[in-house]
Amino acid sequence: MSYPGGKGRAYQRLINLMPPHDVFIETHLGGGAIMLHKRRATRNIGIDADINVIAAWRERDDAGIELVHGDAADYLRSTPLAPGTLVFCDPPYWPSSRRRARCYRCDYDAGDHLRLLATLTDLPCQVMITGYPSDAYAAALSGWHVTDYPNCTQTGLVTEKAWTNYAPPVVLHDYDHLGMDFREREALRRRRTSHVRKLQRAPALERNAILADLADAFPDELKLAVRRHGR
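The sequence shown lines up with residues 1 to 231 when you count with UniProt numbering.
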């Protein structure tokens, strides 16, 4: 499903900014490029105010995604969120930043944006917000970490921002999209595959010795990796 402002050509950069999480909430689902490409969490929730978007997703019949038709801010204000939750928010572009006045069936005016920002900044969990640079977002998200990334939209190549209320993670929820471009991602994939195959070919005692060394050198990372595998 194509959608204005969709992340179909930028999802890798954004997934590489996502720390481990048990619950994933995408507040403005649209075409759902992030939801479709990232590794699933234990619970996955997609919200959209556009009933046509929800209907299209229901036709996919994906039992792994809970669909919510409604307002994102209302849902987030009324739903208890645990610290292991990641909220990904890609709202309509700020009105004055667009080339076209209206791009969405369920659009946002400035007041809607400010209400959403007030909700997101009050959440007790991890939050990522994406959009064009704007004074309103810069003011509301002062103190948050900001990452610039390229995105190809209907009007051409643009630079967008990802604001997070956490530092860029060194442990990720999903490692399948590591790399700045296709060539780098493929090189990393080949190296990872090579390392795994070497371990698989090693005698059991040697392999277990290496794993024990890794556990000693990287105890926290290995615990997260084991938890990820068991999810």
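Where a beta carbon is used, it is the ideal one built from N, C-alpha and C, also for glycine. Here the structure is a predicted model, which is why all the values come from computation and not from measurement.
> According to the Cβ coordinates, are SER7 and ASN151 closer than 8 Å?
Replying inline: Walking along the sequence shown from the start, residue 7 turns up at place 7. Walking along the sequence shown from the start, residue 151 turns up at place 151. Before going further, note that residue 7 is Lys rather than Ser in the sequence given. Against a cut-off of 8 Å, the Cβ pair of ASN151 and LYS7 comes out as a contact.
>> Between the alpha carbons of VAL53 and LEU199, how many angstroms are there, rounded?
In response: Within the sequence shown, the letter at position 53 stands for residue 53. Within the sequence shown, the letter at position 199 stands for residue 199. Whole-angstrom Cα-Cα distance: 45 Å.
> Cα separation between MET128 and GLU206?
Replying inline: Residue 128 sits at position 128 when you count from the first residue of the sequence shown. Residue 206 sits at position 206 when you count from the first residue of the sequence shown. C-alpha separation (whole angstroms): 42 Å.
> Can you name the start and end residues of the beta strand (DSSP E) that ASP135 belongs to?
Replying inline: Counted from its first residue, the sequence shown places residue 135 at position 135. For ASP135, there is no enclosing beta strand (DSSP E); the residue is found in the alpha helix (DSSP H) stretching over 135 to 140.
>> Applying the 10 Å Cβ sphere with the 16-neighbour rule, what's the burial state of VAL87?
In response: What you label residue 87 is simply residue 87 of the sequence shown in a count that begins at 1. Buried.
> Does the beta-carbon distance from PRO91 to HIS69 come in below 8 Å?
Replying inline: Position 91 of the sequence shown, counting from 1, holds the residue named residue 91. Position 69 of the sequence shown, counting from 1, holds the residue named residue 69. Going by C-beta atoms, PRO91 is not nearer than 8 Å to HIS69.
> What's the gap between the Cα of LEU141 and the Cα of ARG58?
Replying inline: Position 141 of the sequence shown, counted from the start, is the residue given in the question as residue 141. Position 58 of the sequence shown, counted from the start, is the residue given in the question as residue 58. Distance between the alpha carbons of LEU141 and ARG58: 34 Å.
> Can you name the start and end residues of the beta strand (DSSP E) that VAL68 belongs to?
Replying inline: Within the sequence shown, numbered from 1, the residue matching residue 68 stands at position 68. It spans 66 to 69 - the beta strand (DSSP E) in which VAL68 sits, taken as one unbroken run.
> To the nearest angstrom, how far is it from the Cα of GLY46 to the Cα of ARG201?
Replying inline: The residue labelled residue 46 in the question sits at position 46 within the sequence shown. The residue labelled residue 201 in the question sits at position 201 within the sequence shown. If I take the Cα positions, the gap works out to 42 Å.
> Beta-carbon separation of ALA10 and VAL23 under 8 Å?
Replying inline: Here residue 10 corresponds to residue number 10 of the sequence shown, with the count starting at 1. Here residue 23 corresponds to residue number 23 of the sequence shown, with the count starting at 1. Against a cut-off of 8 Å, the Cβ pair of VAL23 and ALA10 comes out as no contact.
>> For PRO169 and LEU17, what's the separation of their Cα atoms in angstroms?
In response: Counting from 1 along the sequence shown, the entry for residue 169 is found at position 169. Counting from 1 along the sequence shown, the entry for residue 17 is found at position 17. The straight-line gap from Cα to Cα measures roughly 6 Å.
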